[in-house]
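Residue numbers (the numbering used here), protein chains in the order written: chain A, 6 to 532; chain B, 2 to 166. The structure appears below as structure tokens.
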Amino acid sequence: MYDICIVGSGAGGSPIAYELANAGYRVVVLEKGKYYHEEDIDKDEIAVSRRDKFTPTLKDEFHIVNGERGWNFWNGSLVGGSSNLMSGYFHRMKPNDFKLLSTYGKIDGANIVDWAISYDELEPYYDKVEKVIGVSGEVKQHKFLEPRSSKKFPYPKLAETKVTTWFDKACKNLNIEFFPTPRAILSTPALDRNTCAYSNFCGSYACATGAKSSARAALLQKCDAKVIPEAFVYKMDSDAKRVTAVHYYDAKKNSYTIKAKIFVLSAQAIESSRLLLNSKNKYFKNGLANNSGQVGKNLIFSAGGVGEGRFDVKDLTPGLFFNRSIQEYEYEKDGKKYKGGTTDFLYEHANIISRAIKEFYDAKGNILWGKELQDKMKKSLTSTKVLTFEVFNDWLPTDKCNVEADAKLKDKYGVNVASINLYSHPHDIKVGEHLAKQGEKVLREMGARDISVNISSSPPPNLVAGGCRFGDDATSSVLDKNCKAHELDNLYVTDASFMPTGGSVPYTWTIYANSFRVADVILKELS
Amino acid sequence: MIKRRNFLKAGLLSSVIFLASQEKIFAATTTLHTLECMQRDLLYDAKVMPTYEQINPNKYILIIFNHSRISDEEKEYLKNGATWLNEEAMEMYKTSYVSLDSEKRQRVLISFSSHNWGSDYIYKILSYMMESMLGDPIYGGNKNGSGWDFVGHIGGQPSPKEAYL
Numbered sequence: 006m007y008d009i010c011i012v013g014s015g016a017g018g019s020p021i022a023y024e025l026a027n028a029g030y031r032v033v034v035l036e037k038g039k040y041y042h043e044e045d046i047d048k049d050e051i052a053v054s055r056r057d058k059f060t061p062t063l064k065d066e067f068h069i070v071n072g073e074r075g076w077n078f079w080n081g082s083l084v085g086g087s088s089n090l091m092s093g094y095f096h097r098m099k100p101n102d103f104k105l106l107s108t109y110g111k112i113d114g115a116n117i118v119d120w121a122i123s124y125d126e127l128e129p130y131y132d133k134v135e136k137v138i139g140v141s142g143e144v145k146q147h148k149f150l151e152p153r154s155s156k157k158f159p160y161p162k163l164a165e166t167k168v169t170t171w172f173d174k175a176c177k178n179l180n181i182e183f184f185p186t187p188r189a190i191l192s193t194p195a196l197d198r199n200t201c202a203y204s205n206f207c208g209s210y211a212c213a214t215g216a217k218s219s220a221r222a223a224l225l226q227k228c229d230a231k232v233i234p235e236a237f238v239y240k241m242d243s244d245a246k247r248v249t250a251v252h253y254y255d256a257k258k259n260s261y262t263i264k265a266k267i268f269v270l271s272a273q274a275i276e277s278s279r280l281l282l283n284s285k286n287k288y289f290k291n292g293l294a295n296n297s298g299q300v301g302k303n304l305i306f307s308a309g310g311v312g313e314g315r316f317d318v319k320d321l322t323p324g325l326f327f328n329r330s331i332q333e334y335e336y337e338k339d340g341k342k343y344k345g346g347t348t349d350f351l352y353e354h355a356n357i358i359s360r361a362i363k364e365f366y367d368a369k370g371n372i373l374w375g376k377e378l379q380d381k382m383k384k385s386l387t388s389t390k391v392l393t394f395e396v397f398n399d400w401l402p403t404d405k406c407n408v409e410a411d412a413k414l415k416d417k418y419g420v421n422v423a424s425i426n427l428y429s430h431p432h433d434i435k436v437g438e439h440l441a442k443q444g445e446k447v448l449r450e451m452g453a454r455d456i457s458v459n460i461s462s463s464p465p466p467n468l469v470a471g472g473c474r475f476g477d478d479a480t481s482s483v484l485d486k487n488c489k490a491h492e493l494d495n496l497y498v499t500d501a502s503f504m505p506t507g508g509s510v511p512y513t514w515t516i517y518a519n520s521f522r523v524a525d526v527i528l529k530e531l532s
Numbered sequence: 002m003i004k005r006r007n008f009l010k011a012g013l014l015s016s017v018i019f020l021a022s023q024e025k026i027f028a029a030t031t032t033l034h035t036l037e038c039m040q041r042d043l044l045y046d047a048k049v050m051p052t053y054e055q056i057n058p059n060k061y062i063l064i065i066f067n068h069s070r071i072s073d074e075e076k077e078y079l080k081n082g083a084t085w086l087n088e089e090a091m092e093m094y095k096t097s098y099v100s101l102d103s104e105k106r107q108r109v110l111i112s113f114s115s116h117n118w119g120s121d122y123i124y125k126i127l128s129y130m131m132e133s134m135l136g137d138p139i140y141g142g143n144k145n146g147s148g149w150d151f152v153g154h155i156g157g158q159p160s161p162k163e164a165y166l
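Listed below in structure tokens is the structure:
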């Protein structure tokens with residue numbers, strides 16, 4: 006019997022594996038994907054971005070989205086989860102994100118609540134993530150800078166392209182505050198890991214140097230937790246009060262059982278809810294920890310969208326980062342206060358095949374080939390550079406956005422697949438459009454041409470949370486404030502499922518920090 | 002042995018496309034031959050781009066047809082598109098695409114691209130050509146980094162030790 010069994014090896018599970026294993030407990034981590042070490046990692050665009058090497062094929066494993074099959078909602082099935090593939094844009098949530106309802110009030114049609122914990126309770130763990138996982142950056146004062154217990158980041162900011170000086174000048178001209186984007190990438194050798202090699206292939210790719218602060222490189226490879234790759238957990242058993250075992254299939258569909266004192270579920274929001282819903286028994290007829298009917302409810306994503314502009318530039322040093330962000334975290338319109346969000350600026354991804362494919366059409370939408378395509382590609386790809394921005398704002402939780410276990414359809418393991426119902430509250434688009442205007446203004450001031458913006462209700466599958474929200478009321482939440490199931494004494498859920506609202510930043514830093522917080526709770530319980 | 006394996010792989014695409022009208026067979030060709038011809042035509046008058054031989058797209062399309070992560074629907078679509086292109090040629094010139102001269106094939110492509118389904122198919126074939134031209138040379142295209150040189154790109158490092166199939 007293990008002390009702790011963790012299902013899922015990403016940012017939600019690995020801090021617990023790291024803390025508990027380093028405290029001498031017997032920890033096992035079950036991960037559906039393969040184990041890739043640094044020496045296995047390459048920057049093969051065809052494998053990673055065209056053939057989706059790190060996600061299941063849709064023939065074998067799929068989701069139903071708004072009643073249809075064919076959408077790809079997978080992120081990263083590999084040890085360390087999608088933290089391997091993140092760009093590592095790291096922002097903390099702000100104090101007001103923890104009390105969205107009491108600060109900004111109710112919005113019709115949205116299930117907004119305050120968090121069960123405050124920013125002050127999570128701050129020491131945000132700080133811990135900077136030091137243990139590794140976050141590089143430079144603290145720059147601005148109106149919405151959150152309180153910090155450490156004055157500086159432990160690692161200096163990454164090297165930047167000279168084009169950032171254009172950006173800085175444009176923001177100064179427009180009187181817009183900006184700051185260097187903190188990144189979960191080491192800028193110096195530290196933590197027994199290498200520094201960034203500036204390979205120019207970061208987001209979507211695993212890191213070959215170990216500089217990116219993935220759960221694998223930063224935590225699982227730094228502790229003695231037993232990691233079992235290619236282990237798909239298909240069911241959890243329980244009695245009335247405790248989870249008693251989990252069952253998993255290996256790659257050949259042999260079934261195994263693991264018993265432990267404490268179980269931690271962190272398979273990413275959609276899959277965690279799916280596993281609970283598929284684990285019905287006589288005590289939990291609607292799924293594990295689901296007598297309240299709340300499992301799978303209030304699924305959220307990050308709202309917002311993207312924009313871009315093109316610059317006529319040559320001789321740019323490839324690989325150096327752009328790393329600039331602006332935060333208009335609160336704004337007023339027609340005498341009313343609105344919660345705003347974050348805009349990160351970055352170069353268009355280095356993937357050359359996808360960039361070439363974007364050149365296939367002329368201005369009228371006619372497909373090009375031969376000399377015409379050659380000339381367009383040559384001009385665009387060799388003498389211009391695209392600067393993009395990504396807007397992050399709240400995707401409000403609603404009754405219409407949730408995940409269920411499909412009643413009929415099963416994956417290759419014979420397990421009912423997740424059926425996702427998507428809905429974006431109209432308020433999300435309004436805020437996104439407001440924030441995008443500022444991004445557009447900056448690009449214009451910098452001298453960009455061909456500026457385009459796309460704020461939409463399309464959910465980014467890599468920024469998903471909710472489904473097992475935490476709270477003090479067991480009738481309206483699945484987990485208590487420590488992310489333990491209200492109805493089970495030894496089950497914790499520590500991926501982004503616990504989040505009742507998402508803040509207006511990418512989630513990973515918050516997931517890491519919360520998982521370190523829960524690790525302390527479990528350590529206390531075991532001692 | 003290797004030759005035999007290649008032959009078997011090619012076999013998927015070497016089945017004959019018969020072009021008939023009112024029960025009379027006008028022409029016959031194969032998917033592979035049609036695709037090879039089309040891929041060359043999609044480089045028409047492109048003298049600065051890597052050559053067909055450097056891109057090696059016909060070998061790459063064989064990889065695609067045998068790839069574990071390309072769906073059966075996609076493979077069927079690739080085969081069907083070659084038939085549609087021949088049917089377009091048949092309608093315009095009463096013969097197969099491959100038996101036309103270069104200028105007439107361009108006219109067929111222009112006509113083909115005026116249909117949404119034709120334009121989508123060209124997009125698909127060009128996409129795979131870009132993979133071959135700009136992907137890592139380990140896949141058999143982008144000879145000596147000629148594709149990357151054309152667009153001033155530096156390939157990702159570390160490069161793959163083997164092709165992902």
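For each residue, glycine too, the CB sits at the ideal point set by N, CA and C.
Assigned secondary structure, residue i (DSSP; H/G/I helix, E/B strand, else coil)
i              : result
Q332 (chain A) : strand
F8 (chain B)   : For F8 (chain B), the pLDDT reaches just 38, beneath the cut-off of 50, and the residue's location in the model is therefore unreliable, although a value from the coordinates is still provided. Three-state result, F8 (chain B): helix.
H68 (chain B)  : coil
R108 (chain B) : helix
I69 (chain A)  : strand
M134 (chain B) : helix
N459 (chain A) : strand
A22 (chain A)  : helix
Y41 (chain A)  : coil
R56 (chain A)  : coil
G15 (chain A)  : coil
H430 (chain A) : coil
F503 (chain A) : helix
C176 (chain A) : helix
G345 (chain A) : strand
G543 (chain A) : Not covered by the structure: residue 543 (chain A). The range shown for chain A is 6 to 532.
H252 (chain A) : strand
A308 (chain A) : strand
E395 (chain A) : strand
Beta-carbon proximity of residue i to residue j, cut-off 8 Å
i              : j              : result
T30 (chain B)  : V109 (chain B) : no
P402 (chain A) : P511 (chain A) : no
Q299 (chain A) : V483 (chain A) : yes
I64 (chain B)  : Y122 (chain B) : no
G340 (chain A) : L440 (chain A) : no
A265 (chain A) : C10 (chain A)  : yes
A470 (chain A) : G507 (chain A) : yes
G38 (chain A)  : P234 (chain A) : yes
F326 (chain A) : E165 (chain A) : yes
I21 (chain A)  : V269 (chain A) : yes
P159 (chain A) : E135 (chain A) : yes
Y61 (chain B)  : S133 (chain B) : yes
E1 (chain A)   : T214 (chain A) : Since the first residue shown for chain A is 6 and the last is 532, residue 1 (chain A) is missing from the structure and cannot be characterised.
Nearest-angstrom beta carbon gap, residue j and residue i [assumed within contact, 8 Å]
i              : j              : result
D65 (chain A)  : K417 (chain A) : 4 Å
I117 (chain A) : L106 (chain A) : 5 Å
A423 (chain A) : H68 (chain A)  : 5 Å
Cβ neighbours of residue i in the same chain (closer than 8 Å, five flanking residues each side left out)
i              : result
Y366 (chain A) : I372, L373
F289 (chain A) : S243, N295, N296, E492
A361 (chain A) : M382, L386
C207 (chain A) : S92, G93, I190, K217
K486 (chain A) : A121, I122, F475, G476, D477
Chain-order list of residues whose beta-carbon lies under 6 Å from that of residue i (same chain, five-residue window excluded)
i              : result
N7 (chain B)   : Confidence at N7 (chain B) is low in this model, with a pLDDT of 41, below 50, so its placement is unreliable and no value can be given for it.
Y23 (chain A)  : L224, C228
Y7 (chain A)   : R31, V33, A265
A16 (chain A)  : S88, A220, T513, I516, Y517
K76 (chain B)  : F66
Q158 (chain B) : none
Open item on the list: Counting only Cβ-Cβ distances shorter than 7 Å, please list the residues of the region 26-49 of chain B near chain A, keeping chain order.
Closed with: L43, L44, Y45, D46, A47, V49
Open item on the list: Under 7 Å, CB to CB, which of the residues in the region 121-144 of chain B have a partner in chain A?
Closed with: I123, Y124, L127, S128, M131, E132, L135, G136, D137, Y140
TODO: Could you list the residues in the region 65-85 of chain A with a C-beta less than 8 Å from some C-beta on chain B, going in chain order?
DONE: none
TODO: Anything in the region 200-211 of chain A with a Cβ closer than 8 Å to a Cβ of chain B? List those residues in chain order, please.
DONE: Listed in sequence order: A202, S204, N205, F206, Y210.
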